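Here is the structure we will look at, set down as structure tokens.
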Amino acid sequence: MNTNAIPSLPWSGDEEGWSESYQRMVRGCDAIPTADPTKLYDVFERMSRAEVDFDELPRPTGIGREISVPLQKLDKCKVCLNTSNLRLCNSCASAIYCSRECQKFDWRVHKPFCSQTQQINLKTFYPFIAYMFDSLRRLTPTQERNPSSHPNPFVDSMFQKLGRRMGPSDPDSVLHPALTHRLLRAPAPGSRRATSSENKIHHTVVLGEKHNLQISDLPNPHKLSSWWKGHSTMAGMQMFLHVIRENHILEVTVAVSLLLLSEVYSAHMAKSFDSSGNPTWEPRECFRLEYGHSPVSDFGICRGRIQGKANGVQTWTYYNPKSSSRTTVLDPDNHFWLYFRTIKGEELVLDCCTFPYGMEGCVDASTCLRNLSSIFRDYGSARTPAYFYAPRHPEECPNSHSLIETERFSVMHDTTLYGALSWELFGGRDKAQHAIIHEFMTKVQGKPSTVDQEDRVRDYRSFGAMLLGQVLTGKHWKNWEKPTTHSRDDCFDPRNPKEGVFMKGSKADPDCNAKLNGLMGFSARYLV
Numbered sequence: 001m002n003t004n005a006i007p008s009l010p011w012s013g014d015e016e017g018w019s020e021s022y023q024r025m026v027r028g029c030d031a032i033p034t035a036d037p038t039k040l041y042d043v044f045e046r047m048s049r050a051e052v053d054f055d056e057l058p059r060p061t062g063i064g065r066e067i068s069v070p071l072q073k074l075d076k077c078k079v080c081l082n083t084s085n086l087r088l089c090n091s092c093a094s095a096i097y098c099s100r101e102c103q104k105f106d107w108r109v110h111k112p113f114c115s116q117t118q119q120i121n122l123k124t125f126y127p128f129i130a131y132m133f134d135s136l137r138r139l140t141p142t143q144e145r146n147p148s149s150h151p152n153p154f155v156d157s158m159f160q161k162l163g164r165r166m167g168p169s170d171p172d173s174v175l176h177p178a179l180t181h182r183l184l185r186a187p188a189p190g191s192r193r194a195t196s197s198e199n200k201i202h203h204t205v206v207l208g209e210k211h212n213l214q215i216s217d218l219p220n221p222h223k224l225s226s227w228w229k230g231h232s233t234m235a236g237m238q239m240f241l242h243v244i245r246e247n248h249i250l251e252v253t254v255a256v257s258l259l260l261l262s263e264v265y266s267a268h269m270a271k272s273f274d275s276s277g278n279p280t281w282e283p284r285e286c287f288r289l290e291y292g293h294s295p296v297s298d299f300g301i302c303r304g305r306i307q308g309k310a311n312g313v314q315t316w317t318y319y320n321p322k323s324s325s326r327t328t329v330l331d332p333d334n335h336f337w338l339y340f341r342t343i344k345g346e347e348l349v350l351d352c353c354t355f356p357y358g359m360e361g362c363v364d365a366s367t368c369l370r371n372l373s374s375i376f377r378d379y380g381s382a383r384t385p386a387y388f389y390a391p392r393h394p395e396e397c398p399n400s401h402s403l404i405e406t407e408r409f410s411v412m413h414d415t416t417l418y419g420a421l422s423w424e425l426f427g428g429r430d431k432a433q434h435a436i437i438h439e440f441m442t443k444v445q446g447k448p449s450t451v452d453q454e455d456r457v458r459d460y461r462s463f464g465a466m467l468l469g470q471v472l473t474g475k476h477w478k479n480w481e482k483p484t485t486h487s488r489d490d491c492f493d494p495r496n497p498k499e500g501v502f503m504k505g506s507k508a509d510p511d512c513n514a515k516l517n518g519l520m521g522f523s524a525r526y527l528v
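The sequence shown lines up with residues 1 to 528 when you count with my numbering.
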């Protein structure tokens, strides 16, 4: 194809960005879900200079996909409708039969789908889900992983189509208040034991003048030492991790739940259009979550409150004397977590967001990162906040706290969401998609979602789709073993810092390693 044809696809000139031709090309590239954004930038930049031929780009896998979810209960045989002696298809857990004869009779119809299905056990997969929470939380607007500080309009448009904003116009409007100011007075973060009279603990942090931590994977050691006056970089990193994990709990929970539905449960891909203008569908490799050998029949989001048991529930208010403003970021009576229910009726809870309340249970997710691209391997994965348990089994429940559910919202069986997730890559500018996501977020949080919240979900899903896509296409989860859990994140304990633990599973990055040496090895130098 003549490269001169590329500039002839005109920009529409409106807020929707570039033409539908570009959108179809971008969405159809099968490399995008696993691509390094730096490489994407290079492709887009070369396209803008008419230096790359479309033939050099990955071939489309289709224009869309179809969400297919498993059975909710063992009720009747798929063939004869018998209600006794029922058993699931061992391969895909998506069909029920009462006998070998019924299963054999249905095999010709069932085989194309069944042969494409693979099971993912939550017992070994949940650390990766927890890692997605922690990794996405770190995608602050000052750290958008953009390869250039001077993007041209074409590249900016392409990244917008991928849900990647090149940078906020006002970082202070979306950042945690503690990330843009010095800390004049603050208690040390960490768990606190509950007392017999009170299991709620409130802290006030006094903010000072404006301060830029220069966050890029890790804070600059010199900036960090002057951020929290009178404290070492060890203590500063503990506070930094607390602040990052206090950010955007609703948005990251919504994003991860939508990612599980769109990436795990998309079972058919659009192949081509027939004479009527409708796409024909073909089975593609798909996946099913299970717990043990019991398929997950439903998952979604719970809203409720945190109740302290052994630990007190902490809340933090950030007071700015200059503006006389007080910001309390989190409310323990308005908390969000994930639930899973198996076809046998077993309930499971995955809570990855109680760390800033003083519940420091962690899982080692570093083994999940071994074969991933370097851009996805963040530091600190060996201590990823997570509580995963079956509430009906008291011996599995944490003794630090309990979660009191007030309402739940199924993601797997919300058919309205299927339309919003039908593209292979989330089109954040599509008005219909945007309206569906807005309605769902409004329902979950109990009040209208804001544009900033929806943009954040879009950004999280864009990066998360590439991260999760790489795990699924590479079948990496098959080599993961039973995870190791820890009672707290102790990497930056001033009495015994664990540099090796913090670096476990991470990428090799000279710039970040130099910062880490400053944080871990020379903390005394940076005391103020």
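Note that the Cβ used here is the ideal one computed from N, Cα and C, for glycine as well.
Treat the numbers as computed from the prediction; the structure is a model and nothing was measured.
Contacting residues, own chain, Cβ-Cβ under 8 Å from N496 (five flanking each side not counted): D490
Using CA atoms only, rank isn't needed, just tell me which of V451, Y418, I96 is closest to S266. Y418
Nearest by alpha-carbon distance to G190: which of T328, V313, V264 is it? V313
Rounded straight-line distance, which links the Cα of W480 to that of N539: Residue 539 cannot be examined here, being either before or after the span of the chain that is shown, 1 to 528.
Can you give the Cα-Cα distance for F336 and R100, rounded to whole angstroms? 43 Å
Can you find the residues in the same chain that come closer than 7 Å, C-beta to C-beta, to A420, ignoring five residues on each side of it along the sequence? Q433, I436, I437
Are the Cβ atoms of G300 and V411 separated by less than 8 Å? yes
Which parts of the segment 451-491 are runs of the alpha helix (DSSP H), unbroken and 4 residues or longer, counting only runs that do not cross its ends? 451-474
Cβ distance (whole Å) where L350 is taken to contact A386 below 8 Å: The beta-carbon separation of L350 and A386, rounded to 7 Å, stays under the 8 Å limit for a contact.
From the DSSP secondary-structure annotation, give me the bridge partner or partners of Q445. According to DSSP, Q445 bridges with nothing at all.
R245 - DSSP class collapsed to helix/strand/coil: helix
Given a cut-off of 8 Å, decide if R137 and H248 are closer than it, judged by their beta-carbon atoms. Yes, these two residues count as a Cβ contact at 8 Å.
So which of N90, T342, S68, T317 has the shortest CA-CA distance to L330? Nearest of N90, T342, S68, T317 to L330, Cα basis: T317.
Leaving out the 5 sequence neighbours to the left and right, which residues in its chain are closer than 7 Å to G474 when beta-carbon positions are compared? N371
Terminal residues of the alpha helix (DSSP H) in which Q103 lies: 100-114
Which residue's Cα is closest to the Cα of D556: S402, Y357, L175, A382? Residue 556 lies beyond the stretch modelled for the chain, which goes from 1 to 528, so this question has no answer here.
Restricting to runs no shorter than 4 residues, where is the alpha helix (DSSP H) found entirely within the segment 175-236? 221-225
Would you be able to state if there are at least three C-beta pairs under 8 Å between the segment 444-453 and the segment 124-135? Judged by Cβ distances under 8 Å, the segment 124-135 makes no contact with the segment 444-453, as fewer than three pairs qualify.
DSSP on T317, reduced to helix/strand/coil? Here T317 sits in strand by DSSP.
Environment of N311 [buried if 16+ CB atoms lie within 10 Å]: buried
In the structure shown, what three-state DSSP assignment does Q118 receive? strand
Rounded straight-line distance, which links the Cα of C92 to that of I343: 13 Å
Thinking C-beta only, is Y339 closer than 8 Å to C302? yes
Cβ-based burial, E246 [other Cβ within 10 Å; buried from 16]: Classification for E246: buried.
Please classify D134 as buried or exposed, where buried requires at least 16 other C-beta atoms within 10 Å of its C-beta. buried
Helix, strand or coil for Q72, going by three-state DSSP, please let me know. coil
Kindly indicate which residue of F376, F388, H393 has the alpha-carbon position closest to the one of M466. F376
Check each candidate in G380, C80, H203, T233 and name the one with the smallest Cα separation from P494. T233
How long is the line joining the alpha carbons of V109 and D459, rounded to whole angstroms? 39 Å
How would you write the range of the beta strand (DSSP E) that F409 sits in, first residue to last? 401-410
Range covered by the beta strand (DSSP E) that runs through Y339: 335-342
For E346, which residues in the same chain have their Cβ closer than 8 Å to its Cβ, ignoring the five residues on either side in sequence? Y291, S294, A390, R392
Measuring CB to CB, does L207 end up less than 8 Å from L184? yes
Express the C-alpha separation of K111 and D333 in angstroms, rounding to a whole number. 48 Å
Per DSSP, which one or two residues make a beta bridge with S325? Per DSSP, the beta bridge partners of S325 are N320.
DSSP three-state label for P332, please. coil
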